[in-house]
Every structure is written in structure tokens, then in C-alpha cells.
Amino acid sequence: METLAILCLALSAFLLLSEIMIPSMGLLGLGALGALIASYVLGFGVSASFGWGLVWGTLVLAPVTVALGMKLFPRTPWGRRMIVDGTSFSAEDARAIDRTLAAHVGQVGTVVATLRPAGEVRLGDRRVSCLSRGEWIEAGVEVRVVGVVENTLCVERLDDGDGSRS
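In terms of this note's numbering, the sequence shown opens at residue 44 and continues consecutively.
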């Protein structure tokens with residue numbers, strides 16, 4: 044009877060570890076709980092002290108086992124295959140950046156849709172969304188691309204020859 048109680052406790056631990064590795068939607072976890080309860084019932088059937096020994100042994104050894112597993116598992120060959128080391132992406136890669144926009148810096152284009160401050164500019168044969176630097180620029184005015192801000196071209200009005208703004 045004592046051996047059966049200890050086997051049920053070991054089965055419970057095995058099923059709980061299997062629940063972590065195998066997607067069973069909780070069925071293995073329920074089996075682990077059932078085996079744990081059966082272990083306690085069988086243990087208390089032997090004697091109260093044996094039953095309480097199983098309960099206290101589980102309460103003490105479970106956290107110790109989990110802590111050791113978390114520390115040692117990544118060092119095993121199986122753990123190294125399952126766990127990605129290092130960062131999987133950099134902060135730069137985390138943002139969706141259109142690196143082709145930087146090629147437009149310095150180009151001159153014509154406003155197609157009024158910039159209020161957002162609108163559209165024609166650069167060559169391409170029509171792109173852009174922002175002015177806070178000013179309202181009417182359609183038909185020539186602008187220069189001065190930078191890229193969060194995947195949007197930033198433009199400013201071209202100066203006239205006398206230094207005034209058109």
C-alpha cells in the first residue's frame with residue numbers, strides 16, 4: 044500500500060511535467076491531480092503519519108523541484124534546443140521601418156493634396172504621404188523632403204529667390 048501511494052505520487056509528478064510539454068488542454072493536469080489525490084488517500088489509508096508525510100513532502104519538495112528545474116533545465120541539451128538564447132530581435136527591428144523613405148531626403152516634389160500638416164506630395168512619378176513642419180501648404184506648391192519621422196516623409200516649402208515663402 045505504501046509503495047502504491049508513492050507510485051501514485053510519482054505518476055502525479057510525471058503527468059504534471061507531461062502537461063507542461065504536451066498540449067493536452069488540461070487533461071494531463073487533471074490526471075496529475077487525480078493521481079495526487081489517490082496518493083494521499085492511499086497514504087492516509089496506511090497511517091495518518093504516512094499520509095501527512097506525503098502531504099508535507101509534496102509541499103516542501105514541489106517548490107524546490109521547480110526552482111532546480113528552472114535553473115538546471117536550460118543547461119541540458121534538450122533545454123538548449125527548446126530555449127532561444129539572446130534576444131530574438133533588437134529594438135530597431137521591433138518597429139516597422141520603411142528604409143526606402145530615407146532615399147527621398149533632399150528631393151523636391153509638388154504638393155498634390157494640401158498639407159494640413161499631413162497630405163500627399165508627388166516625387167517624380169511616385170505619390171507619397173508626408174507631413175509639413177506644422178504649416179499649411181496648398182496643392183501645387185513645391186516642397187523639399189527634409190527628413191523621415193516615424194515612416195512619414197517630413198517636407199518644407201521651398202523658398203523663393205528673395206527669401207520670402209511662396
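Glycine included, C-beta positions come from ideal geometry on N, C-alpha and C.
This one's a predicted model, so the numbers in the text were calculated from it and none came from an experiment.
- Secondary structure of A156 (DSSP, three-state): strand.
- Around the C-beta of S92, fewer than 16 other C-beta atoms lie within 10 Å, and the residue is accordingly described as exposed.
- In this structure V164 is buried. Its beta-carbon is surrounded by 16 or more other beta-carbon atoms within 10 angstroms.
- Under DSSP, C173 shares a beta bridge with G162 and L196.
- Counting along the chain, the unbroken alpha helix (DSSP H) around E62 starts and ends at E45 to M64.
- Our two residues, G72 and S55, have alpha carbons roughly 9 Å apart in a direct line.
- Taking all protein chains in view, the Cβ of E62 is crowded by 16 or more other Cβ atoms within 10 Å, so the residue is classified as buried.
- With respect to V89, A53 sits apart: the two C-beta atoms are not nearer than 8 Å.
- Between the region 108-127 and the region 162-179, the count of Cβ pairs shorter than 8 Å is below three; the stretches do not touch.
- Check the Cα spacing between G122 and each of M64, V188, W99 and V191: the tightest is with M64.
- Put simply, the backbone Cα of L70 is about 16 Å away from that of A81.
- Going by DSSP, G77 is part of the alpha helix (DSSP H) stretching over L70 to V89.
- Annotation for V109: no residue places its beta carbon closer than 6 Å to its own, counting only its chain and skipping 5 residues before and after.
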